[in-house]
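Enquirer:
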Amino acid sequence: MKPWVFLATMLIENLLVGGFALLYPRIVRKGLLFGVYVGEARSESEEAEAITRGWNRGIVALLAVCVLLGGILSFATPDPYAAVVPVHLQIVVFLGLYLRAYFRARALAPPGPPPPAVAPLSATPATSALLPALTLAVSVACGAFAVAYTWAHYSELPGTVPTHFGASGEPDAFRPKSVSSVMLLPVLVLVIGTFLGGMSWLTAHAKRVLRRSAEETSLAAQLRFRAAVTRFLCGISLVAVGMLTLISVVSVRVGLGLSLRLPPAVNVLGILVAVYAVGGAIYLALRYGQGGARLEKARADTPLTDGLADNRHWVLGMFYVNRDDPSFLVERRFGIGYTLNFGNWKAVTVVLGFVALVLVLTAVAALVS
250 MKPWVFLATM LIENLLVGGF ALLYPRIVRK GLLFGVYVGE ARSESEEAEA
300 ITRGWNRGIV ALLAVCVLLG GILSFATPDP YAAVVPVHLQ IVVFLGLYLR
350 AYFRARALAP PGPPPPAVAP LSATPATSAL LPALTLAVSV ACGAFAVAYT
400 WAHYSELPGT VPTHFGASGE PDAFRPKSVS SVMLLPVLVL VIGTFLGGMS
450 WLTAHAKRVL RRSAEETSLA AQLRFRAAVT RFLCGISLVA VGMLTLISVV
500 SVRVGLGLSL RLPPAVNVLG ILVAVYAVGG AIYLALRYGQ GGARLEKARA
550 DTPLTDGLAD NRHWVLGMFY VNRDDPSFLV ERRFGIGYTL NFGNWKAVTV
600 VLGFVALVLV LTAVAALVS
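Under the numbering used here, think of the first position of the sequence shown as 250, with each following residue one higher.
1) At the level of alpha carbons, what is the spacing between VAL599 and ILE321?
2) Residue range of the alpha helix (DSSP H) that PRO411 falls in?
3) What is the rounded straight-line gap between the Cα of LEU383 and the Cα of ALA476?
4) Evaluate contact between the region 601 to 612 and the region 435 to 443, counting only Cβ atoms and requiring at least three cross-stretch pairs below 8 Å.
5) State the DSSP-derived secondary structure class of GLU580, mapped to helix, strand or coil.
6) Please tell me whether GLY446 and SER388 are closer than 8 Å, where the distance is taken between their beta carbons.
7) Per DSSP, what kind of secondary structure is LEU437 in: helix, strand or coil?
8) With distance defined between alpha-carbon atoms, name the residue in VAL478, GLY529 and ASN263 nearest to VAL334.
9) Using 8 Å as the threshold, is the C-beta distance between ALA350 and TRP304 below it?
10) How would you label ASP555, buried or exposed, when you count the other beta carbons within 10 angstroms and need 16 or more for buried?
11) By the DSSP assignment, the alpha helix (DSSP H) with THR399 in it spans what residues?
12) Which first and last residues belong to the alpha helix (DSSP H) in which ALA313 is found?
13) Considering Cα atoms alone, identify which of ASP573, PHE444 and LEU578 is closest to GLY602.
14) Quick one, are the C-beta atoms of ALA558 and PRO363 less than 8 Å apart?
15) Output the distance between the C-alpha atoms of ALA313 and ALA530, rounded to the nearest integer angstrom.
16) Label TYR532 either buried or exposed according to how many other C-beta atoms from any shown protein chain fall within 10 Å of its C-beta, with 16 as the threshold for buried.
17) List the DSSP bridge partners of PRO425.
18) Where DSSP assigns a beta bridge to SER568, which residues make up the other side?
In structure tokens, the structure reads:
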């Protein structure tokens, strides 16, 4: 890896991660502090501000060290694997900074149970599931098409098939023809497409947490935020699955001698996925904030309620565990978007099943590549 490429990669990665880390305290829902519900008044206290200042100083110092380390490594060694050293350092220290802020925030948590859940005062229209349902259907259809197309041409493929393509789009790795080496990619497209489409649909039905004494305003903010996140995930799902389907089909065509390389559209779609993901995350943060925080106009007398305000069901402020809550997805306490209810065995089974399947397919890919 060229030094300037290494350094540019480090700078971009640090800018994105550091930028989000420094932005987070400014977009969090009022009452939350680094994964802990401390109450609306205490979240603006001097103690809370001191915790936030410590977080900001730690993040800035971490970014400076990572950039310096990246600059040294970029000129000290040509080994591309050296690029992961600053990344691993960033992950470990970032986790340490979060845990430090989390345990300090725990000391500010109010005693007793959280405010009871509230419901909107008037009936609200059901969230439209048309786009996520369409996304799920298209994703599954693309995966099924990739599997069917590959299997239909399996007998026509030669004894050696391409299993990897370089940056130019030309194949640079080959393996003997087998069911695993040929069918792995289309099956992976089907699995990933189904999961991404399913997550988009579940997000459209994720649990809402309203504020007491501001139910209507809070509900409107929640609905707009959830709809925006759903559209964001649907967009990523459709573009990513489209790219993977194209790669799968063209891989077969290259094996048959009908094409020489992957089309430029693959690189275009890859760039589009990256730009859309980063740009969309920034837009959600700046426009809506955490859970629609920038829209709900919270005050000290409009407390959060239910699970989001119940510290008993949150492990380290990141993992929601509530067996009495049937929800699959709930709003995150730290970060933007939604997280799994680890107390719902159905939700855990679905996600663990997907992870296990991807790990198996990844292991097979490592063996055949």
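Note that CB positions come from ideal geometry on N, CA and C, so glycine has one too.
Expert: If we stick to the structure as given:
1) 44 Å
2) Looking at the DSSP string, PRO411 is not in any alpha helix (DSSP H); the run it does join, the beta strand (DSSP E), is 409 to 414.
3) 15 Å
4) yes
5) strand
6) yes
7) helix
8) ASN263
9) yes
10) buried
11) 379 to 401
12) 295 to 325
13) PHE444
14) yes
15) 24 Å
16) exposed
17) THR409
18) Looking at the sequence shown, residue 568 is not Ser but Phe. Answer by DSSP bridge pairing, in chain order: VAL564.
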